[in-house]
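Residue numbers for the sequence shown follow the working numbering, beginning at 53 and rising by one.
Every residue gets a Cβ at the ideal spot worked out from N, C-alpha and C, and that includes glycine.
Heads up, the thing below is written out as structure tokens.
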Amino acid sequence: MSEIHIRPAQPADLASITEIYRDAVLHGTATYEIDPPDQAEMTKRFHAITTDGFPYIVAELDGAVIGYAYASYFRTRPAYWWSVEDSIYIAPDAKGKGLGKQLLSQLIKDCTSLGFRQFIAVIGDGHEDSASVRLHTRAGFAYSGTIRASGFKHGRWLDTVLMQLEMNGGAHTLPGKPPLRSEDA
Numbered sequence: 053m054s055e056i057h058i059r060p061a062q063p064a065d066l067a068s069i070t071e072i073y074r075d076a077v078l079h080g081t082a083t084y085e086i087d088p089p090d091q092a093e094m095t096k097r098f099h100a101i102t103t104d105g106f107p108y109i110v111a112e113l114d115g116a117v118i119g120y121a122y123a124s125y126f127r128t129r130p131a132y133w134w135s136v137e138d139s140i141y142i143a144p145d146a147k148g149k150g151l152g153k154q155l156l157s158q159l160i161k162d163c164t165s166l167g168f169r170q171f172i173a174v175i176g177d178g179h180e181d182s183a184s185v186r187l188h189t190r191a192g193f194a195y196s197g198t199i200r201a202s203g204f205k206h207g208r209w210l211d212t213v214l215m216q217l218e219m220n221g222g223a224h225t226l227p228g229k230p231p232l233r234s235e236d237a
């Protein structure tokens, strides 16, 4: 039996990443994008995230990328610099096999080591029994709220669920220098 390998994403993975995301855009509700971006756009996004120093990882099985995940700022304004948001996408034939758990676990480790204080999940089409809500709950995230009818896709209104995981003392201690920022930022 082959083993899933989690590793940093490389530019050579972008064709597979683009296809996985394309399926999520066209058939899913995890993203509220309607038109799938092409590989050139996905390459721009990849470089923007990795250039800033955020983790961007893939899950590989027998040499094929079957899922990916990354972290990025929850919001870009300075007061949010200690908060990070996750994004996780799995190839259709790899869903339901625990891959999301492996990817999220690695992102949590990476973002904790970078010094972030809050990990926020913004879950499209979130409801109590959705796979993403269950995944984040099992990883220790707590429910923070629901934004009702925040998106419209595939002919229906979608709710967005917000979940949160405290890291590195969370809000219980004062922060130091913002993660991934220079001393003069």
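Whole angstroms are fine: how far does the CA of residue j sit from the CA of residue i?
{"i": "residue 149", "j": "residue 155", "result": "12 Å"}
{"i": "residue 145", "j": "residue 139", "result": "19 Å"}
{"i": "residue 158", "j": "residue 187", "result": "13 Å"}
{"i": "residue 173", "j": "residue 55", "result": "27 Å"}
{"i": "residue 215", "j": "residue 67", "result": "30 Å"}
{"i": "residue 224", "j": "residue 121", "result": "28 Å"}
{"i": "residue 62", "j": "residue 90", "result": "17 Å"}
{"i": "residue 117", "j": "residue 75", "result": "14 Å"}
{"i": "residue 217", "j": "residue 160", "result": "9 Å"}
{"i": "residue 253", "j": "residue 119", "result": "What is shown of the chain runs 53 to 237, which leaves residue 253 out entirely."}
{"i": "residue 200", "j": "residue 81", "result": "14 Å"}
{"i": "residue 136", "j": "residue 92", "result": "25 Å"}
{"i": "residue 79", "j": "residue 230", "result": "37 Å"}
Hey, would you say residue i sits closer than 9 Å to residue j, going by beta carbons?
{"i": "residue 107", "j": "residue 166", "result": "yes"}
{"i": "residue 153", "j": "residue 190", "result": "yes"}
{"i": "residue 109", "j": "residue 58", "result": "yes"}
Determine the DSSP secondary structure at residue i, reduced to helix, strand or coil.
{"i": "residue 90", "result": "coil"}
{"i": "residue 237", "result": "The predicted model places residue 237 with a pLDDT of 47, which falls under 50 and marks its position as unreliable; any figure quoted below should be read in that light. In this structure, residue 237 counts as coil in the three-state DSSP scheme."}
{"i": "residue 108", "result": "strand"}
{"i": "residue 102", "result": "helix"}
{"i": "residue 170", "result": "strand"}
{"i": "residue 71", "result": "helix"}
{"i": "residue 154", "result": "helix"}
{"i": "residue 199", "result": "strand"}
{"i": "residue 60", "result": "strand"}
{"i": "residue 226", "result": "coil"}
{"i": "residue 123", "result": "strand"}
{"i": "residue 54", "result": "coil"}
Identify which residue in the options has its Cα closest to the Cα of residue i.
{"i": "residue 180", "options": "212, 152, 229 and 64", "result": "212"}
{"i": "residue 100", "options": "123, 143 and 90", "result": "123"}
{"i": "residue 193", "options": "169, 92 and 208", "result": "169"}
{"i": "residue 197", "options": "86, 185, 120 and 204", "result": "185"}
{"i": "residue 182", "options": "210, 204, 160 and 61", "result": "210"}
{"i": "residue 222", "options": "74, 115 and 163", "result": "163"}
{"i": "residue 102", "options": "88, 60, 130 and 142", "result": "60"}
{"i": "residue 112", "options": "91, 98, 74 and 151", "result": "151"}
{"i": "residue 132", "options": "171, 115 and 98", "result": "171"}
{"i": "residue 64", "options": "105, 203 and 98", "result": "98"}
For the putative contact between residue i and residue j, defined by C-beta atoms under 8 Å, what is the C-beta separation to the nearest angstrom?
{"i": "residue 178", "j": "residue 83", "result": "Actually they are not in contact, since the Cβ atoms of residue 178 and residue 83 sit about 13 Å apart, beyond 8 Å."}
{"i": "residue 94", "j": "residue 128", "result": "The pair is not a contact, with the Cβ atoms about 20 Å apart (cut-off 8 Å)."}
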